[in-house]
Each structure stands twice: as C-alpha cells, then as structure tokens.
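Trainee: Structure in structure tokens, see below.
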Amino acid sequence: MTHRITGRTSTIRQLGLALLLACATPLAAQQAPPPQLAFPGAMGWAAHTPGGRGGRIIRVTTLATEGPGSLREAIDAKGPRIVVFEVGGVIDLGVKSLKIKEPFLTIAGQTAPQPGITLVRGGIDLSAHNVIIQHLRVRPGEAGLAKMAGTDFDSISTVGAHDVIVDHCSLTWSSDENLSASGTRFKGDTPEQWRAGTSHRITFSNNILAEGLGYATHAKGEHSKGSLIHDNARDILIIGNLYSQNRERNPMFKGGTQGWVVNNLINNPGQRAVHYNLIAAEWDGHPYQDGQLVLVGNSMRGGPNTPERTPFFQFGGSGWLDLYMEDNLAVDRYGETLPQTGRYSSNSAGWRMLKTRPPLPFGVKPMPAKDVQDSVLANAGARPWDRDDIDRRILENAIEGRGKHIDSEAEVGGYPKVAETRQAFVPADWNLDTMEPLKPLPRREPLR
C-alpha cells in the first residue's frame, strides 16, 4: 500500500513538473528580447536584417578600382563583414559595375573621412541577401561613352535580392534608373515562386534620387528615370526620399508588385510622377497578377519640365491594381492643385480604390504631407552633416524651385574632383552593431 502511494505521489509530481514547464515555455518566449534593428529608425520588412553585424571589419584603404584594400575586394569577400573606409574621395569604377553577390554585408559610408566616398562611371548591382548600404554617393554619368552606346548603369539596383536596406545614399546621373528593385520576372512555375524569385523585403529610405540622364548612353534613347520596381517584386518600402529632376518613374511599379510609397518629396517630374504599368507583351502566356500600391503622405511639386495637369499617380497597361491613397499633396510650379490620379491606357482594366488602409509596414509612422518637404530636404542623401557640392546644389534647387532635366553630367559641372583624404578607422568610436558614431562627426555649414 505504501509503495503504491509513493509511486502515485511520484507520478503526480512528474505531472506537476511537466505542467509547470509547459506553462513556463510560452512565458519565456514572451520575455525573449525582440530582434535587433539594423540601425535605429530602420523600417519595413527588411528592418531587422543584420547586414554584416558580428562579422569581420574590412578596411577600404585605396581609391583604386580593384586590388588589395579596394571596395571591390571588400565586397567580393565571403562571410559576414562590415566595410569601413580609411580613405575619402572619388572611386572611378572604370565603366564597370560593382557586383554584390555575397550576403551579410554592411557598407558604412559614414565611416569615411570628409568628403566621404563617391563612385563614378559605374554603379552597384546587388543580388545577395541581408545587405545594408548607407551614406554612399553613386554617380554613373555618361562615362565618356557615345550617345545611345547601349552601355547603361543603375546607380544601385537590387537584382533578385531580399532583406536589403539602401539608406541615406545620393544616387544621381544614372543612365538607367537611379535606384531600383529588379530581378527575373517569372522564376518558377507559380505566382508565389515568381515573387520569391525576384527582389523582395526591400527598404529604400532617405535617399536623394536625382537628375537621371535623359538622352545619354541608353540604347532606347531618352531614359531619365527615378526608380523601377520590377514585375512581381513585393514588400517594397520607399520612404523619405527626394525624387528630383527625373522625367519618369518617381517611382514606377510594374505588374503584380506590392509596395508602399510614404513621405517622399517629388520635385519637377516630367510626364509622370508615381505610376503603375503591367505591360501585356512582357506577360505573354502568364496570368496577370493584381498589384497593390499604398501612397501615403507624399508631396509632389511640379517644375519647369512638368507638363500642365500632370497627375500625382497614373495607371497604364493591363491588369488590375488595388490602390490606397491618403494625404498626398500635388501642386504645379505656381502652387495650383494638380490631379491626384490619371491614366495613360485605354484598356478597361485599372485601379480599384481601397477604402481601408492596409497594415503599416514595421516602424512606419507617416508624417503629414505638409511637413514632408522640410523633413526630406533636411535629412535625405548621403552624409547630411557633410554634404558635397553636388547634393547641396540639388537640394538648393529643390528649395528654390529651380533646376531642370539634364542629358549629361557635363551640363551641371561634371564629375567631382576632390583630393584624397585619409583617417584611420577606430572601432571604439563606433557602435559596431548599428554603425552609429559614438561621438559627433565633423560638420559642414548648413544649407542657406
């Protein structure tokens, strides 16, 4: 009898312990720390990408295009890595793009000594995952090539990449797009596979995207474009950017895309500001997919290159788009109100206006559109504490309503010419988890 009671007591104790563990596990899970942000203020589906956090620090020590100590060598290295700069100045890419193929990378342009890092005569194509690029200037220009030569560059383009943040960069004078999310249109057999196979979970925040070149080296001729979000790309956040002096694609979303455009300033667009277009010929044999686009708190100002009555948003092509719009300002160069919507397609399809705003992407808290101009002009672009003369001119023109569309960098002074500078990178001066400085950085005088 005693033995049976003891055994029963032991069983009860075991059950009690199991119950305690079962109850404790969800509590422990609730108390687990949230994933770390890429950096304070990171937003969107890519907000928690680690980039190169925890990896080795690779120092860029030369402005040479390639070789030991070059940016290209650092980008090509394998494994998690944080790229920092012990040199400042201009890197001439020699009419050849940098190809980022290895994942878990942070490029910290903020670490360079004044005047920072500018890439010319080439761009960056990014086909990896978990990448953070901050505080670079990329200015491809015509690169000395003939008009319509057929060699063209995005300043930065993601190509089938995911979990990527491009933040506080200055991307100008592209001969294709200034900043884009692209990839294979139909990789796989199903729409789900198509979306997984192209760029997704991308954040473009606080960048200057300006002066895309019109009649330059692109084989199609005129090609002054801001941003192209390619077919089936999803989870795209475009927030806090300045689009200035680009004829089209400010930004453009193609068929089946899903994205948010929040608190951007669009200055002096050409015939189109924000637009959507599923091109039927590119979808031959594939069922059209509905797109979804959310436009909140943006400000558009027409300029000398903006045709009269240009709408803030235009629909073109085929298929359907679910569209939500809220608090977007659009005025011409004289301050007169412009239309919110329009179309450049005669098809019966079009947009279906959503009555309820879809859930906000992580960390997004839209500001009123009336406050966007001052915020973007103060914060957008590479190294706002240390702007170069080109960014200063672009921003001052935006403030004053001046400037125009251009066909060559030569029309606005040509490639920058600055002396090489050097300064050792001191890890103790930086938060290596977020690449924030732990002491104030040298500042130039503010814009006037």
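Residue numbers -29 to -1, 1 to 419, in mature numbering (1 follows the signal peptide of the UniProt record, and there is no 0), belong to the letters of the sequence shown in order.
Glycine residues also receive a C-beta, built at the ideal position from the N, C-alpha and C atoms.
How many whole angstroms separate the CB atoms of Met271 and Pro240, which I take to be in contact at a CB cut-off of 8 Å?
Mentor: Sure, about 7 Å apart at Cβ, within 8 Å.
Trainee: Quick check on DSSP: helix, strand or coil for Ala(-2)?
Mentor: Below a pLDDT of 50, predicted positions are generally treated as unreliable, and Ala(-2), at 46, falls in that range; the measurement from the model is reported next regardless. Three-state result, Ala(-2): helix.
Trainee: Evaluate Asp400 with the Cβ neighbour count: other Cβ atoms within 10 Å of its Cβ, from every protein chain shown; 16 or more gives buried, anything less gives exposed.
Mentor: Under this definition Asp400 is an exposed residue.
Trainee: What first and last residue would you give for the beta strand (DSSP E) that runs through Ser346?
Mentor: No beta strand (DSSP E) contains Ser346, which is instead part of the alpha helix (DSSP H) from 343 to 350.
Trainee: Leaving out the 5 sequence neighbours to the left and right, which residues in its chain are closer than 7 Å to Ala320 when beta-carbon positions are compared?
Mentor: These residues qualify, in order along the chain: Ser289, Gly290, Trp291.
Trainee: Mind checking who Arg393 pairs with in its DSSP beta bridge?
Mentor: Partner(s): Val58.
Trainee: Nearest CA to the CA of Glu182: which residue from Ile29, Thr20, Tyr214, Ala204?
Mentor: Measuring from the Cα of Glu182, the nearest candidate turns out to be Tyr214.
Trainee: Between the alpha carbons of Glu113 and Lys196, how many angstroms are there, rounded?
Mentor: About 15 Å.
Trainee: Is the Cβ-Cβ distance between residue 482 and Arg415 less than 8 Å?
Mentor: Missing from the structure shown is residue 482; the chain here goes from -29 to 419 and no further.
Trainee: Is there contact between the region 135 to 143 and the region 92 to 103, where contact requires at least three CB pairs shorter than 8 Å?
Mentor: Touching, yes, given that three or more Cβ pairs across the two stretches are closer than 8 Å.
Trainee: Rounding to the nearest angstrom, what Cα-Cα distance links Thr169 and Glu163 in this structure?
Mentor: The straight-line gap from Cα to Cα measures roughly 10 Å.
Trainee: Please look up how many angstroms separate the CB atoms of Gly94 and Phe124, rounded, as I've assumed it's under 8 Å.
Mentor: Correct: roughly 4 Å between the Cβ atoms.
Trainee: Quick check on Ile370: does DSSP put it in helix, strand or coil?
Mentor: Ile370 falls in the helix class under three-state DSSP.
Trainee: Decide if Asn350 is buried, meaning its Cβ has at least 16 other Cβ atoms within 10 Å, or exposed.
Mentor: Label assigned to Asn350: exposed.
Trainee: If we call anything under 8 Å between Cβ atoms a contact, is Ser141 one with Ala353?
Mentor: Closer than 8 Å, so yes.
Trainee: Mind checking Tyr247: buried by the 16 CB within 10 Å criterion, or exposed?
Mentor: With 16 or more Cβ atoms within 10 Å of its Cβ, Tyr247 is classed as buried.
Trainee: In its own chain, which residues sit with a C-beta less than 7 Å from the C-beta of Ala(-8), not counting the 5 before and 5 after it?
Mentor: With a pLDDT of 44 at Ala(-8), under the threshold of 50, the modelled position of this residue cannot be trusted; read the value that follows with caution. Here the set comprises nothing.
Trainee: With Asp123 as the anchor, note down where its beta strand (DSSP E) starts and where it stops.
Mentor: Segment: none, Asp123 is in no beta strand (DSSP E) and carries neither H nor E.
Trainee: Where does Leu(-9) fall in DSSP's three states?
Mentor: The predicted model places Leu(-9) with a pLDDT of 41, which falls under 50 and marks its position as unreliable; any figure quoted below should be read in that light. Looking at Leu(-9) - three-state DSSP - the assignment turns out to be helix.
Trainee: From Gly334 to Gly12, what distance separates their C-alpha atoms?
Mentor: Taking the straight line joining both Cα atoms gives about 7 Å.
Trainee: Could you tell me how far apart the beta carbons of Leu325 and Tyr295 are, in whole angstroms, since I believe they sit closer than 8 Å?
Mentor: Right, the Cβ-Cβ distance comes to about 4 Å (below 8 Å), so this counts as a contact.
Trainee: Starting from Trp165, trace the alpha helix (DSSP H) both ways and give me its first and last residue.
Mentor: Segment 162 to 168, the alpha helix (DSSP H) holding Trp165.
Trainee: Does the beta-carbon distance from Asn217 to Asn178 come in below 8 Å?
Mentor: Taking 8 Å as the Cβ cut-off, Asn217 and Asn178 do not qualify as a contacting pair.
Trainee: The beta strand (DSSP E) with Glu44 in it runs from where to where?
Mentor: Counting along the chain, Glu44 falls outside any beta strand (DSSP E), though it belongs to the alpha helix (DSSP H) covering 42 to 47.
Trainee: Per DSSP, which one or two residues make a beta bridge with Phe286?
Mentor: Paired residue(s): Tyr247, Arg314.
Trainee: Taking the straight line between their C-alpha atoms, what separation do you get for Arg43 and Glu37?
Mentor: Using only the alpha carbons, I get a separation of about 6 Å.
Trainee: With a threshold of 8 Å between beta-carbons, can Thr392 be considered close to chain B, or not?
Mentor: Protein chain content of the structure displayed is limited to a single chain, and chain B is not contained in it.
Trainee: How big is the Cα-Cα spacing for Thr188 and Pro6?
Mentor: Cα to Cα, Thr188 sits roughly 44 Å from Pro6.
Trainee: Buried or exposed for Asn149, please, with buried defined as at least 16 other CB atoms from any protein chain shown within 10 angstroms of its CB.
Mentor: Flag for Asn149 reads buried.
Trainee: Between the alpha carbons of Gly192 and Asn276, how many angstroms are there, rounded?
Mentor: Approximately 18 Å, taken between the alpha carbons.
Trainee: Give the single residue among Glu219, Thr89, Thr327, Gly273 whose Cα lies nearest to the Cα of Thr308.
Mentor: Thr308 has its Cα closest to that of Gly273, out of Glu219, Thr89, Thr327, Gly273.
Trainee: Excluding sequence positions up to five away, which residues of its chain have a Cβ less than 6 Å from the Cβ of Gly121?
Mentor: Contacts found: Ala190.
Trainee: Please report the distance separating the alpha-carbon of Pro84 from that of Glu407.
Mentor: Answer to the nearest angstrom: the Cα atoms are 15 Å apart.
Trainee: So, using beta-carbon positions, are Thr77 and Arg30 closer together than 8 Å?
Mentor: Going by C-beta atoms, Thr77 is not nearer than 8 Å to Arg30.
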